[in-house]
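Residue numbers (the working numbering): 59 to 127. Cβ coordinates follow ideal geometry from the N, Cα and C atoms, glycine included. Below: one structure, written as structure tokens.
If you want it as structure tokens, here you go:
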């Protein structure tokens, strides 16, 4: 009886692990504190580039407007 029980418990455990791998978790992937800081720095850098580009476009458009007048 013990041998049967042990074999069955091992097989059930393997099945349980197999089924667990099939189901995806809704939990978001962990992002370390260092990676979060790095991503935030990249976003700020992009935002500053975009703002600089828009400021430069505004300056160029005002220069064009002044030259046409």
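- The straight-line gap separating the alpha-carbon atoms of residue 85 and residue 69 is approximately 28 Å.
- Straight-line measurement puts the Cα of residue 92 at about 36 Å from the Cα of residue 116.
- For residue 65, the enclosing alpha helix (DSSP H) stretches over residues 60-80.
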